Each structure stands twice: as structure tokens, then as C-alpha cells.
Amino acid sequence: MATQAPPERLTMFIDAVIAIALTLLALELPVPTGDTTEAMLSSVADHGKEYLACGVSFVVIAAHWRAHHEIFGHVRSLNSRLISLTLAWLFMQVLTPFATRVITADGAFPPRFSLYAIVQVLASASFALIIREIRREHLYRPDTPPWAFSQNLVRSVCLAAVFGVSIPVSFVTSGTWAYLCWVAAPLVLAVAGRVQGRAR
């Protein structure tokens, strides 16, 4: 049974938590030091992986939020299961800044890399379950286009697969190959989108 809580209240709560998660990414960035321009630039280079990880995580969280925002624009009512799944998805977004700090630490690359990848797998999987719940319980508006849910569902499955595959790769190859799995994500999404477009 759908609850009386309007989806707008949950959406506002999500927006606030996502904003905090994005802010936490910046708060953890090291401040460059140095008395000269050369020393400052050298300090920036020394912390390059932290800055890069922050940028990647910003894009990842923003992509998750954008997809969720797009889906919830079609939601007309909530049920308890949808709220629980959304909170599970939101928890993964909150964990991303922590996973970002872990992946930039030194030593034991495979476990550190895997933690970040697992968080993203769980985020994508929980989002796929959100879509499934909305469709199964007919919690969407009557004017929702038929492709709105299927498109985002395919994206979630593809992202979960890409991050999932990167986990064993990180244990059997160098870090470069593991990161290349993530770099391939836009290509995988583009191919999936094209295939899905032809199927409509």
C-alpha cells in the first residue's frame, strides 16, 4: 500500500544528503603547500591522485543523483519498500566520500579499489531495485513515457556490471587495467543505449 508521504518530501531529503556528500569530498582534499610557485605546483602534483579521485567521485555521485532525480520526477506515490530501497541507495552515496579516501591511501591496492567498486555496485543494484518497485507497484504517473524506466534500468545494470568486473581485475592485474574498466563505462552505456534505441 502506498503511504501518504508525498514523493516531494523524500526528494528534498535526498537532495540535501547528496549536497552534503559532495561537500565532504572537497573537505577531505589536501591543501597544497609551498613558499614558491614551483613548490606549490610540486605539492599539487604530489596530491594529484586525491584531486583526481575527488573529481571522479563528484561525477559518480552526480550521475547517481541525476538518474534518481529523473526517475522520481515520474513517481506519484510512495510505499514503505520504495522508501527503504531509496535509503539504501542513499547510504551508498554517503559512503562514497569514505570510499574515495580509502582508494587514495597507500598499499593493498586490490582491497582498497574493491571497496570503492563494491559501493558503486550496490548503489547501481539498489537503484535497479527502486525502478523495479516503482514499475511493479505502479507508483508512477499515468503520463510517464514507456522508455523512462527501461532506459535507466539498463544503465544501472551496465554500471553494476562494469564496477563488478573491475573487482577481480584489480586482484589479477595492475591498477591501470582495473581503472580502465571504469573508463570503459561510458562506452558500455553508449552501446547499450544504441541497442535499446533500436529495440524501441
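Mapping the sequence shown onto the numbering used here, position 15 (from 1) lands on 24, and the numbers just tick up by one. For every residue, glycine included, the Cβ atom is placed at its ideal position computed from N, Cα and C. None of these values were measured; they are calculated from a predicted model.
{"Check": "Nearest to Ala97 (by Cα), restricted to the options Leu138, Ala76, Lys58 and Ala71", "Outcome": "Leu138"}
{"Check": "For Pro119 and Arg132, the rounded distance between their alpha carbons", "Outcome": "According to the sequence as given, residue 132 is Ala; it is not Arg. Looking at the two C-alpha atoms, the distance is approximately 20 Å."}
{"Check": "With 16 other Cβ atoms within 10 Å as the buried cut-off, status of Ile29", "Outcome": "exposed"}
{"Check": "Through-space distance from Pro16 to Leu148, alpha-carbon basis", "Outcome": "10 Å"}
{"Check": "Closest Cα partner of Ser175 within the set Ile127, Asp44 and Val68", "Outcome": "Ile127"}
{"Check": "Endpoints, alpha helix (DSSP H) assigned at Ala170", "Outcome": "Trp156 to Val181"}
{"Check": "Backbone CA spacing between Thr113 and Leu104 [nearest angstrom]", "Outcome": "15 Å"}
{"Check": "Separation of Tyr125 from Glu59, as counted between CA atoms", "Outcome": "14 Å"}
{"Check": "Every unbroken alpha helix (DSSP H) inside the stretch 116-158 [4 residues or more]", "Outcome": "118-145"}
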